[in-house]
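K.L.:
Number of protein chains: 2
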Amino acid sequence: MVGVDLVLEAVGEPNRRRLLELLHQQHESTVSELVRASGLNQPQVSKHLKVLASAMLVAVRAEGRHRHYRLDGAGLQAAHDWFASFDDVWNARFDALDELVSTDPESSAT
Amino acid sequence: MVGVDLVLEAVGEPNRRRLLELLHQQHESTVSELVRASGLNQPQVSKHLKVLASAMLVAVRAEGRHRHYRLDGAGLQAAHDWFASFDDVWNARFDALDELVSTDPESSAT
DNA sequence: CTATTGCATTCCTCGTGAGGAATATATAAA
DNA sequence: TTTATATATTCCTCACGAGGAATGCAATAG
């Protein structure tokens, strides 16, 4: 399992989110391509990618002197699951209330 | 719609995540209760709650000299949706690959 | 071989953000 | 009224993290 702490700290940075979104469109990109697409300098891109990789948000594939980066589902899903654990909040499921009134299913008047 | 930037920056902080999880268990808590449960000092809790509130992650209800905080689904769902937009990554849908190799399904040697 | 390209890494500076202490503010109690 | 409680806010310090510049390093080109 992936540490959600690393993931959420990594995605807290706006430029890293931009890189993730660029990678989402391109499926796979070299560092040079990300530099051009993001407008960031090459060292910054490499450093951000390093952070993303240690959070299992991206994976690398070496090919010659090129490095092909792609999204890694592990980190993304870890963060997704963490927020999903709160889904009862916005789903407004009145479980406790439902249990309280479950003995009286007739009381469903508006 | 809630700004996902504010939300993801807010949840990037570990103690703020702890507060969110505490609020998730308690449904509603005063600042004092969160201070006791989190081990943080009162000013830090108030400051973190302020950040969480501006990201629509918590909502407040004033009652006498107490402030009752509870989770706000708006911010939580915004972050959830942002990660959900990447679900094709971990669902491992090889659409493009599938299209490329669809003429040769036998080539799956190790 | 040397030169060049693609990327990673190091060093430095600076801004920002988190924590601590003290204080301000508001509401309730006496 | 004075006092106590609950919370917010201000000020300060400090550490960490992001960006820039320069450099290192590996792989291809010539």
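These protein sequence lines are chains A and B, in that order. Following the working numbering, the numbering of the first sequence begins with 1 at its first residue and continues without gaps. Following the working numbering, the numbering of the second sequence begins with 1001 at its first residue and continues without gaps. The beta carbon of each residue, even a glycine, is placed where N, CA and C say it ideally should be.
1) Take the Cβ of Gln44/A as the centre, count every other Cβ of all protein chains shown within 10 Å, and call the residue buried at 16 or more, exposed below.
2) Suppose only complete runs of 4+ residues qualify. What are the alpha helix (DSSP H) ranges in the stretch 1040-1088 of chain B, listed by chain order?
3) Output needed for Ala55/A: all residues of its chain with C-beta closer than 7 Å, excluding positions within five of it in sequence on either side, in chain order.
4) Less than 8 Å between the C-beta atoms of Arg70/A and Ala78/A, yes or no?
5) For Glu9/A, go through chain B and note every residue whose CB falls closer than 9 Å to its CB, in chain order.
6) Leu941/B touches chain A at which residues, Cβ-Cβ below 7 Å?
7) Indicate whether at least one CB of chain A lies closer than 8 Å to the CB of His1080/B.
8) Taking all protein chains shown into account, decide if His1027/B is buried (16 or more other Cβ within 10 angstroms of its Cβ) or exposed.
9) When the cut-off is 8 Å and only beta carbons count, does Ala84/A lie next to chain B?
10) For Gly73/A, count the other beta carbons within 10 Å of its own beta carbon; 16 or more makes it buried, fewer makes it exposed. Which is it?
11) Against chain B, does Gln77/A count as a neighbour if the rule is that its beta carbon must be under 8 Å from one of theirs?
12) Could you give the distance in angstroms between the alpha-carbon of Arg67/A and the alpha-carbon of His80/A?
13) Start and end of the alpha helix (DSSP H) containing Glu1021/B?
14) Which residues in chain A have a C-beta closer than 7 Å to the C-beta of Val1089/B? List them in chain order.
15) Between the Cα of Val1004/B and the Cα atoms of Ala1084/B, Ser1029/B and Ala1062/B, which residue gives the shortest distance?
16) Return the residue from the list Gly1064/B, His1048/B and Ala1053/B that minimises the CA-CA distance to Pro1014/B.
17) Note down the Cα distance separating Arg16/A from Gly1064/B, rounded to an integer number of angstroms.
18) What are the boundary residues of the alpha helix (DSSP H) that Ala1010/B is part of?
19) Could you spell out where the alpha helix (DSSP H) holding Ala37/A opens and where it closes?
20) Please classify Ser32/A as buried or exposed, where buried requires at least 16 other C-beta atoms within 10 Å of its C-beta.
P.N.:
On the basis of the coordinates in this document:
1) exposed
2) 1042-1054 and 1073-1084
3) Leu6, Val7, Ala10 and Gly75
4) no
5) Gly1012, Glu1013 and Pro1014
6) Nothing can be reported for residue 941/B, as the shown portion of chain B is limited to 1001 through 1110.
7) yes
8) exposed
9) yes
10) buried
11) yes
12) 27 Å
13) Pro1014 to Gln1026
14) Leu71, Gly73 and Leu76
15) Ala1084/B
16) His1048/B
17) 43 Å
18) Val1004 to Ala1010
19) Val31 to Ser38
20) exposed
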